Amino acid sequence: MPGPRGHRWWKDRTTDRRELTSMRLGRFAGIEARAHWSLLFIAFLVAQLLAVGILPAAAPGLPAAAYWLAGAASAVVFLASVLAHELAHAAIARRHDIPVERVTLWLLGGATELGHEAKTPRAEAAIAASGPITSLVLGGVFAGLAALASGAGLLTATLAWLAGVNLLLGVFNLLPAAPLDGGRLLRAALWRRYGDWTRATYASARAGSVLGALLIAWGLLQVFGGQLFGLWLALIGWFVLTAAAAERTVAAGKRLTGRTVRDLMTTPPAVAPSWWSVANFLAQADSTLVRSAVVPLVDFDGSPRSLLTMRDLQRVAPDDRDTTRLRDAARSRVPVLVLDPDTPASDVVLPLRARGGVAVVVEDARVVGTLSSVDITAAMMLAGLTDRGLTDRGLTDRGLTDRAEGPHPAGPSSTGVTEPAAGAGLTSNH
Numbered sequence: 001m002p003g004p005r006g007h008r009w010w011k012d013r014t015t016d017r018r019e020l021t022s023m024r025l026g027r028f029a030g031i032e033a034r035a036h037w038s039l040l041f042i043a044f045l046v047a048q049l050l051a052v053g054i055l056p057a058a059a060p061g062l063p064a065a066a067y068w069l070a071g072a073a074s075a076v077v078f079l080a081s082v083l084a085h086e087l088a089h090a091a092i093a094r095r096h097d098i099p100v101e102r103v104t105l106w107l108l109g110g111a112t113e114l115g116h117e118a119k120t121p122r123a124e125a126a127i128a129a130s131g132p133i134t135s136l137v138l139g140g141v142f143a144g145l146a147a148l149a150s151g152a153g154l155l156t157a158t159l160a161w162l163a164g165v166n167l168l169l170g171v172f173n174l175l176p177a178a179p180l181d182g183g184r185l186l187r188a189a190l191w192r193r194y195g196d197w198t199r200a201t202y203a204s205a206r207a208g209s210v211l212g213a214l215l216i217a218w219g220l221l222q223v224f225g226g227q228l229f230g231l232w233l234a235l236i237g238w239f240v241l242t243a244a245a246a247e248r249t250v251a252a253g254k255r256l257t258g259r260t261v262r263d264l265m266t267t268p269p270a271v272a273p274s275w276w277s278v279a280n281f282l283a284q285a286d287s288t289l290v291r292s293a294v295v296p297l298v299d300f301d302g303s304p305r306s307l308l309t310m311r312d313l314q315r316v317a318p319d320d321r322d323t324t325r326l327r328d329a330a331r332s333r334v335p336v337l338v339l340d341p342d343t344p345a346s347d348v349v350l351p352l353r354a355r356g357g358v359a360v361v362v363e364d365a366r367v368v369g370t371l372s373s374v375d376i377t378a379a380m381m382l383a384g385l386t387d388r389g390l391t392d393r394g395l396t397d398r399g400l401t402d403r404a405e406g407p408h409p410a411g412p413s414s415t416g417v418t419e420p421a422a423g424a425g426l427t428s429n430h
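Structure representation (structure tokens):
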């Protein structure tokens, strides 16, 4: 599936978490590839599944070491196949002049991070189709090799499994539901038909919600029937369901096209000095800060430091409030989201939700405002009212909906699944 799309117009004050939670695999045709540490779990799971169950049944009578060796090799080749799926998305995206930031493999598949959304239905369809086509071709290649190696026992069984899993991967991703590649193909078709990216996105997201719910229900039925594999189905269903919801959020954010963070931010900034004591904060904080669920903290130089939640304050015993500074009370590990005031408002919807619902706006090295999910929601509701049913018809006389020319070039994307994946920021996974 297409990978993350989303322009990096925000900045972390902390080290990029991907550097800490993933390892670099190298560069392929100039595209950086990384692997999340959760991939080790998948590699072991695949190797064990093959070494303990599938291969001994298909080619009995061999030493356990042979099965484990074949299982480990198959796991590596399988993950390489997923990487090929993602690199196909990346290669076609670059052919359509869309920058590719990186490809990341993780627990549920892979994510290809693109600089922005496709600008035409044709480009969207080409990018989406490239991944499943690659998986299906690999499945055919492995099936042919298995046929040639017929009678070779363990080798034949290994190649047959690789053929089957790649064919399954390709077919699953063609299901017409966001965030799967098939959902992106559906969106491209509807976008071409209606000339309305937003309307097409809502339709594919609804299909994704239905598919996610069905996978969860099916998985739970399997679990109740004693099949632990159902947990995996339910996990994939949960991912599809939440990613489809993110797609709807992105589409809703298109109501804000033409507006910037500067238009929506709260001024003066609703921030608190990190060196204040908890007692001082509670005594002096104005109503804006006190009623905020999350408050950004700033250092002496005015730079954002961390996020303080009301729960953090509740954890501080009354007797310790005079001696506990806010920076010590803050326990949130979510990096502060720092925005440029001229960032398109439609681009911040997903990152804002992923970073605690509040961001600081910095211009010329000083905090000039804050932006919260409440600000975004209010602006979208107002735009929806004045736009008279944008969500249902995708029509507007004020430029709030991108039409045939495509979404805003820096607009976010959603998540796609190859075997579900994710990405920091805006991503498409598998």
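Counting in the UniProt record's numbering, the sequence shown tops out at residue 430, every number present. Note that beta-carbon positions come from the ideal geometry of N, C-alpha and C, so glycine has one too. Note that the structure is predicted; figures quoted are calculated from it, not measured.
Indicate the three-state DSSP secondary structure (helix, strand or coil) for residue i in the structure shown.
i	result
ARG262	helix
ALA70	helix
PHE44	helix
SER150	coil
ARG27	strand
GLY144	helix
ARG95	helix
VAL298	strand
ALA35	strand
SER22	strand
GLY131	helix
PRO60	coil
VAL103	strand
SER303	coil
GLU117	coil
LEU55	helix
ALA285	coil
ASP402	Confidence at ASP402 is low in this model, with a pLDDT of 35, below 50, so its placement is unreliable and the value that follows should be read with caution. Three-state result, ASP402: coil.
PRO49	It should be noted that the sequence gives Leu, not Pro, for residue 49. LEU49 falls in the helix class under three-state DSSP.
THR108	The sequence given here has Leu at residue 108, not Thr. LEU108 falls in the coil class under three-state DSSP.
ARG331	coil
ARG321	coil
For residue i, count the other beta carbons within 10 Å of its own beta carbon; 16 or more makes it buried, fewer makes it exposed. Which is it?
i	result
ALA80	exposed
GLY183	buried
TRP37	exposed
ASP312	buried
ARG315	exposed
ARG199	buried
ALA178	buried
ASP347	buried
ASP342	exposed
THR134	buried
SER150	exposed
residue 437	The chain is shown from 1 up to 430; residue 437 falls before or after that span and cannot be answered.
PHE78	buried
residue 432	Outside the shown range of the chain (1 to 430) lies residue 432, about which nothing can therefore be said.
LEU148	exposed
ALA424	Because ALA424 sits at a pLDDT of 29, beneath the cut-off of 50, its placement in the model cannot be relied upon, and the point is left open.
VAL349	buried
LEU382	exposed
ALA188	buried
PHE41	exposed
Among the options, whose alpha-carbon lies nearest the alpha-carbon of residue i?
i	options	result
LEU308	ALA359, LEU105, VAL76	ALA359
ALA123	LEU40, TRP197, PRO269, GLY164	TRP197
ASP301	SER130, SER274, ARG325	SER274
LEU39	ALA126, ALA111, PRO99	ALA111
GLY195	TRP232, THR120, TRP161	THR120
ALA329	GLY208, ALA251, GLY144, TRP276	TRP276
ALA51	TRP68, PHE41, LEU185, VAL278	TRP68
THR324	LEU297, SER303, ASN280	ASN280
VAL294	LEU371, LEU62, LEU162, ALA157	LEU371
ALA58	ILE42, LEU145, LEU154, ARG24	LEU154
LEU105	ALA43, GLY212, ARG255	ALA43
residue 431	VAL137, LEU49, HIS96	Because the chain here runs from 1 to 430, residue 431 falls outside it and cannot be looked at.
GLY71	ALA84, GLY53, GLY61, HIS85	GLY53
PRO344	ASP320, VAL367, ALA365, ASP263	ASP263
GLY258	ASP97, PRO60, MET380, SER22	MET380
THR266	PHE172, VAL374, PRO318, ARG321	VAL374
Would you grab the beta carbon distance between residue i and residue j for me? Rounded to a whole angstrom, and I think it's under 8 Å.
i	j	result
ALA75	VAL46	4 Å
LEU326	LEU297	6 Å
VAL89	GLY131	It is worth fixing the name first, because residue 89 is His in this sequence and not Val. Yes, HIS89 and GLY131 are in contact; Cβ-Cβ is about 5 Å, under 8 Å.
residue 435	PHE28	Because the chain in this structure spans residues 1 to 430, residue 435 falls outside the shown range and cannot be described.
ARG34	ARG102	6 Å
LEU108	ILE236	7 Å
LEU339	ILE376	The pair is not a contact, with the Cβ atoms about 12 Å apart (cut-off 8 Å).
ASP181	ALA246	That pair is no contact at about 16 Å.
LEU211	VAL240	6 Å
Which runs of the beta strand (DSSP E) spanning at least 3 residues fall entirely within the UniProt domain "CBS" (335-380), listed in chain order?
Fully enclosed beta strand (DSSP E) runs of 3 or longer: 337-339, 358-363, 366-372.
In chain order, which beta strand (DSSP E) runs of at least 3 residues are fully inside the region 209-276?
none
Minimum length 4: unbroken alpha helix (DSSP H) runs contained in the UniProt domain "Peptidase M50" (155-211):
181-194
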